[in-house]
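Using full-length UniProt numbering, read the sequence shown as starting at 1 and increasing by one per residue. Just so you know, even glycine gets a beta-carbon here, dropped at the ideal spot from N, CA and C.
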Amino acid sequence: MMQGRVIFFDNATSTGRISGADGHRYDFSQQDLKQPVRPAVGAEVDFEPRNGAARDIYVIGGAAAAHQGSYVGKVEPDLGLFGYGWRAVTAKYAAFSGRARRKEAWGFGVIYFLLLLIPSLLFIPAAATGSDEAMTLPLVILGIVFLALIVPSWAVNFRRLHDLGQPGWIIFVVTAISLIPYVGALIALIATVLLLVVEGQPHENKYGVPVKRA
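Okay, structure coming up:
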């Protein structure tokens, strides 16, 4: 085996060139890589030189090496905004492991809003009657829906943090901080915005493979 450094990689053709420790340059293609990553220029590698080409290439350097490339293995199909949102409250209702892309967080937000909106609309005819008893049923339904959405809400946030390479329990810390008057609400808002807009890590991390192609 020989060590070298990637000096060129073309994403369109999935081919590149390595500068070896012996001073020679070796061409390679994506299929020569032994890991499901797309190496960036400057990535340190181990490889087997064969007839002027690099074979059996390993991107080295542990976690640092992983950040230098993008995952090129299989990813799940795009379910769309509502597809991700519905799955979050059904199949992944209490799934705290794995990763979630930004679209899943947005989709859950939409479903969350709609599920709370429907029972809230029941207050309109109930209020028109002027009866306290008529207000009871919508209030009970709204409370049940709200409580039922707590678990999937935490689960989505866990997976979204995992996608960023962070431990999911951070959401509990943010929740606790949000109870602090004034400043807590601001910090919670900032955390929510970050979870909705920050792109996930393009490579495999300790929480799993990416859920979308970089």
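Skipping 5 residues on each side, what residues in its chain have a beta carbon closer than 6 Å to that of residue i?
{"i": "residue 123", "result": "138"}
What are the boundary residues of the beta strand (DSSP E) that includes residue i?
{"i": "residue 29", "result": "25-29"}
{"i": "residue 135", "result": "Per DSSP, residue 135 belongs to no beta strand (DSSP E); it is in the alpha helix (DSSP H), 132-148."}
{"i": "residue 4", "result": "2-10"}
{"i": "residue 17", "result": "15-20"}
Leaving out five residues on either side along the sequence, give the residues of the same chain with a beta carbon under 7 Å from the beta carbon of residue i.
{"i": "residue 165", "result": "201 and 205"}
{"i": "residue 76", "result": "211"}
{"i": "residue 104", "result": "84, 88 and 156"}
{"i": "residue 20", "result": "2, 4, 26 and 49"}
Along the chain, where does the alpha helix (DSSP H) containing residue i start, and where does it finish?
{"i": "residue 168", "result": "Element bounds for residue 168: n/a, residue is neither H nor E."}
{"i": "residue 127", "result": "123-129"}
Run through the DSSP bridge pairs and tell me what residue i is partnered with.
{"i": "residue 55", "result": "48"}
{"i": "residue 205", "result": "208"}
{"i": "residue 33", "result": "57"}
To which residues of the same chain is residue i closer than 8 Å at the C-beta, ignoring the five residues directly before and after it?
{"i": "residue 60", "result": "3, 44, 45 and 46"}
{"i": "residue 108", "result": "84, 85, 88, 89, 152, 153 and 156"}
Rounded to whole angstroms, what's the CA-CA distance from residue i to residue j? Just pull it up for me.
{"i": "residue 207", "j": "residue 97", "result": "7 Å"}
{"i": "residue 194", "j": "residue 185", "result": "14 Å"}
{"i": "residue 58", "j": "residue 160", "result": "29 Å"}
{"i": "residue 88", "j": "residue 27", "result": "44 Å"}
{"i": "residue 158", "j": "residue 119", "result": "27 Å"}
{"i": "residue 16", "j": "residue 7", "result": "8 Å"}
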